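Student:
Residue numbers (this note's numbering): 547 to 767.
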């Protein structure tokens with residue numbers, strides 16, 4: 547409690563570790579809440595939770611609540627999962643895919659992710675998981691970063707087509723992207739302008755928390 551109170555004055559780091567995949571990982575009390583950060587950006591809670599909460603609101607909580615199965619690609623500390631369960635009161639199944647087992651250990655220790663009964667965590671590469679799974683989902687959340695870098699495969703047509711094929715009728719994809727320079731701005735514009743599927747609609751929520759842009763893909767049939 548004392549650390550929580552002092553965190554309104556100055557951030558207090560309570561855990562620091564490294565993994566072969568994520569390099570520097572920190573858990574910090576900031577403004578009265580625990581957040582998970584990489585070396586240069588917020589990984590879970592804090593600004594990231596606000597970003598993905600906005601995306602979920604854009605889709606509509608009333609549409610999310612009756613969904614049967616949600617896929618989260620990139621779990622980190624699990625802030626979007628906590629938003630789904632604690633704020634939206636989502637009761638359906640959640641499958642979370644995270645490549646870094648060290649991050650899941652931290653998520654369980656500091657953010658009590660293991661307490662969520664309707665959550666299944668799978669340690670796997672998101673690309674490999676998407677290729678293997680035969681399950682259809684109502685909502686797919688893509689939130690994959692290596693510090694401030696996004697893997698190139700996320701923007702490739704093959705991956706996009708595969709993820710879209712996993713959506714149920716009238717399902718959604720919520721894709722969190724980071725824009726730090728002109729080339730990344732052009733990358734996103736190219737992704738949106740070249741996305742063409744007759745049974746899907748795509749829209750963006752630009753400049754969320756300054757450097758993020760959310761892409762929402764909706765299956766309309």
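Think of the CB as a built atom: it goes at the ideal place given N, C-alpha and C, for glycine as much as any other residue. For clarity, every value in this text was computed on a predicted model and none was experimentally measured.
Check each candidate in 580, 646, 744 and name the one with the smallest Cα separation from residue 557.
Tutor: Counting from one through the chain shown, the residue named residue 557 turns up at place 11. Nearest option by C-alpha distance: 580.
Student: Between the Cα of residue 620 and the Cα atoms of 739, 645, 728, 766, which residue gives the shortest distance?
Tutor: Numbered from 1 along the chain shown, position 74 holds the residue referred to as residue 620. Closest by alpha carbon: 645.
Student: I'd like the span of the alpha helix (DSSP H) that includes residue 694, first residue to last.
Tutor: As a first step, residue 694 is located in the chain shown; it is residue number 148 there, counting from the start. First-last for residue 694: undefined, no H or E at that position.
Student: Specify, as a first and last residue, the run of the alpha helix (DSSP H) that residue 736 falls within.
Tutor: Numbered from its first residue, the chain shown carries residue 736 at position 190. Per DSSP, residue 736 belongs to the alpha helix (DSSP H) from 728-740.
Student: Would you call residue 742 buried or exposed, if buried means 16 or more other Cβ atoms sit within 10 Å of its Cβ?
Tutor: Residue mapping note: residue 742 aligns to position 196 of the chain shown, counting from 1. Its Cβ having fewer than 16 others within 10 Å, residue 742 is exposed.
Student: Quick check: what's the CA-CA separation for residue 689 versus residue 669?
Tutor: Residue 689 sits at position 143 when you count from the first residue of the chain shown. Residue 669 sits at position 123 when you count from the first residue of the chain shown. Computed Cα separation, rounded: 15 Å.
Student: In terms of residues, what are the limits of the alpha helix (DSSP H) holding residue 706?
Tutor: Here the question's residue 706 lines up with position 160 in the chain shown. Residue range 703-711 is occupied by the alpha helix (DSSP H) that includes residue 706.
Student: Beta-carbon within less than 6 Å of residue 708's beta-carbon, same chain only, minus the 5 sequence neighbours each way: which residues are those?
Tutor: Within the chain shown, residue 708 is the residue found at index 162, counting from 1. So the qualifying residues of the chain are 676.
Student: Assuming contact is defined by CB atoms lying nearer than 7 Å, are residue 683 and residue 617 in contact in what I supplied?
Tutor: Numbered from 1 along the chain shown, position 137 holds the residue referred to as residue 683. Numbered from 1 along the chain shown, position 71 holds the residue referred to as residue 617. Between residue 683 and residue 617, the C-beta gap is smaller than 7 Å, which places the two residues in contact.
Student: Let me confirm a value: residue 731 is counted as buried when at least 16 other C-beta atoms fall within 10 Å, else exposed. Which label applies?
Tutor: For the purposes of this step, residue 731 is taken as residue 185 along the chain shown, with counting starting at 1. So residue 731 ends up on the exposed side.
Student: Counting C-beta neighbours from all protein chains within 10 Å, is the total for residue 660 16 or more, i.e. buried, or is it exposed?
Tutor: If you number the chain shown from 1, residue 660 lands on position 114. Result: exposed.
Student: How many angstroms separate the CA atom of residue 747 from the CA atom of residue 685?
Tutor: The residue labelled residue 747 in the question sits at position 201 within the chain shown. The residue labelled residue 685 in the question sits at position 139 within the chain shown. Using only the alpha carbons, I get a separation of about 14 Å.
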